[in-house]
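In the numbering used here, the protein residues as written are 137 to 550. Even for Gly, the Cβ is constructed at its ideal location relative to N, Cα and C. Since we're looking at a predicted model, the values are computed, not measured.
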Ligand SMILES: *Cc1c(COP(=O)(O)O)cnc(C)c1O
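#1: Nearest-angstrom Cα distance between residue 479 and residue 289?
#2: Looking at residue 328 and ligand 1, is the gap between the Cβ and the nearest heavy atom below 7 Å?
#3: Looking only at C-alpha atoms, which of 157, 278, 269 and 229 sits nearest to residue 220?
#4: Given the structure, does residue 352 come close to ligand 1, in the sense that its CB is under 7 Å from one of the ligand's heavy atoms?
#5: Between which two residues does the alpha helix (DSSP H) holding residue 316 run?
#6: Among the residues of its own chain, which have a CB less than 6 Å from the CB of residue 463, if the five just before and after it don't count?
#7: Nearest to residue 524 by CA position, among 422, 401 and 515, is which residue?
#8: Please classify residue 390: does DSSP put it in a helix, a strand, or coil?
#9: Counting along the chain, where does the beta strand (DSSP E) carrying residue 552 start and finish?
#10: Just curious, the beta strand (DSSP E) that residue 347 is in, first and last residue?
#11: Please report the residue range of the alpha helix (DSSP H) in which residue 373 lies.
#12: Tell me the rounded alpha-carbon separation between residue 190 and residue 199.
#13: Excluding five sequence neighbours on each side, which residues of the same chain lie with their C-beta closer than 8 Å to the C-beta of residue 203?
#14: Assuming residue 446 contacts residue 455 under a Cβ cut-off of 8 Å, what Cβ separation, rounded to an integer in Å, is found between them?
#15: Can you list, in chain order, the residues of its chain with a C-beta nearer than 7 Å to that of residue 530? Leave out the 5 residues immediately preceding and following it.
#16: Short check: CB of residue 312 to CB of residue 283, under 8 Å?
#17: Return yes when the C-beta of residue 202 is under 7 Å from any heavy atom of ligand 1, and no when it is not.
#18: Starting from the C-beta of residue 502, find all residues in its chain whose C-beta is less than 6 Å away, skip the five residues before and the five after it, and write them out in chain order.
#19: Hey, quick one: how far does the alpha helix (DSSP H) through residue 405 stretch, first residue to last?
#20: If we ignore side chains and look at the alpha-carbon of each, how far apart do residue 261 and residue 285 end up?
#21: May I ask you to check if the CB of residue 301 is nearer than 7 Å to at least one heavy atom of ligand 1?
#22: DSSP on residue 352, reduced to helix/strand/coil?
#23: Tell me whether the beta-carbon of residue 460 lies closer than 8 Å to the beta-carbon of residue 419.
#24: Anyone know if the C-beta pair for residue 330 and residue 299 falls short of 8 Å?
#25: Less than 7 Å separating the Cβ of residue 255 from some heavy atom of ligand 1?
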């Protein structure tokens with residue numbers, strides 16, 4: 137294993153998707169690890185085993201996925217430092233976020249991005265404020281000064297999402313990592329939207345990278361899971377304990393699916409990004425669209441940072457998520473969303489199939505209405521997850537659904 141790791145370390149990201157941390161099954165030569173369902177492992181003598189004892193703590197299928205993601209996210213830990221190189225898989229994205237919060241002590245303070253995945257904010261304020269006496273400040277991190285203003289002596293964690301959901305705000309990871317490090321504050325980045333193909337928070341100095349593998353990593357809308365990666369051996373040891381002792385681990389079937397998805401992450405992201413850019417540009421020129429938010433467009437408020445921070449094979453990219461503001465309100469949005477045919481009207485994102493949704497009614501319904509208004513999650517806001525179908529088919533679908541929008545005056549006459 138260790139000789140193959142030093143070799144794999146030099147591979148490009150697209151190759152790491154397939155080979156990162158992997159080696160054929162020593163028993164059979166199988167190139168994909170078997171789905172190891174056994175929950176327990178026979179010991180030669182009490183405490184003497186082959187590295188596996190009970191599968192909440194140790195499972196070879198989960199390890200294979202964890203090692204692959206760890207290498208993709210830029211961990212260089214050796215197997216001696218951490219058996220899965222600092223990669224940890226959980227039963228959902230939220231379970232993995234919970235494990236990060238478990239690093240904190242009761243009474244600690246967390247600064248989080250203001251525009252967050254709805255479930256993350258809900259976990260913070262509806263569960264951990266009460267059960268763990270944590271306190272949270274939500275600030276717009278596109279201006280790092282807002283973070284400095286929010287820091288107290290109890291601040292122990294900065295939680296970042298970039299690009300954010302659903303407003304696709306981009307924050308400067310390097311600036312935040314630097315200001316946190318100087319003050320001994322832990323940093324974690326939810327990298328679900330960008331994926332390691334476009335951005336590796338660890339490279340910018342972050343302590344922990346988090347994924348909902350339900351999205352791009354799994355990539356086929358058929359597995360729910362989460363993951364953490366760290367490049368710090370001591371942090372890895374603490375997270376390993378919390379994963380084992382907390383218990384919300386990714387099961388062997390799901391680990392297999394997650395690894396299978398990871399193998400094609402590179403080619404999927406290439407297509408997501410290519411279509412994302414073409415569709416965002418097309419939408420920006422459509423007269424039924426008031427505004428397009430896409431990190432790859434010069435009109436994006438943090439375009440300059442996005443150009444440096446989000447890159448596919450060295451070239452700037454905006455990713456595969458697009459947020460649009462339609463001309464009109466809830467009726468126009470509803471009409472548009474009822475008429476798309478290839479885009480499925482569904483929550484979630486990052487799958488091979490294109491998805492479209494209405495955050496105010498669907499994914500962000502748990503965000504209080506006033507907060508949504510403050511953030512700009514309005515009734516004419518629609519979020520697109522561009523899949524890997526042919527670009528022209530996707531544009532044709534959006535075109536016909538936009539054409540189908542009946543202006544309000546005309547609708548009320550009939
Ligand atoms: C989906 C998602 C999560 C939560 O992940 P689950 O796997 O649904 O628990 C967290 N962050 C982001 C950005 C997400 O899109």
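The short version:
#1: 47 Å
#2: yes
#3: 157
#4: no
#5: 309–318
#6: 424 and 426
#7: 401
#8: helix
#9: Any answer about residue 552 is impossible in this case: the structure gives the chain only from 137 up to 550.
#10: 344–348
#11: 369–382
#12: 13 Å
#13: 156, 157, 158, 220, 221 and 223
#14: 6 Å
#15: 411, 415, 478, 490 and 522
#16: yes
#17: no
#18: 254 and 258
#19: 401–420
#20: 21 Å
#21: yes
#22: coil
#23: yes
#24: yes
#25: yes
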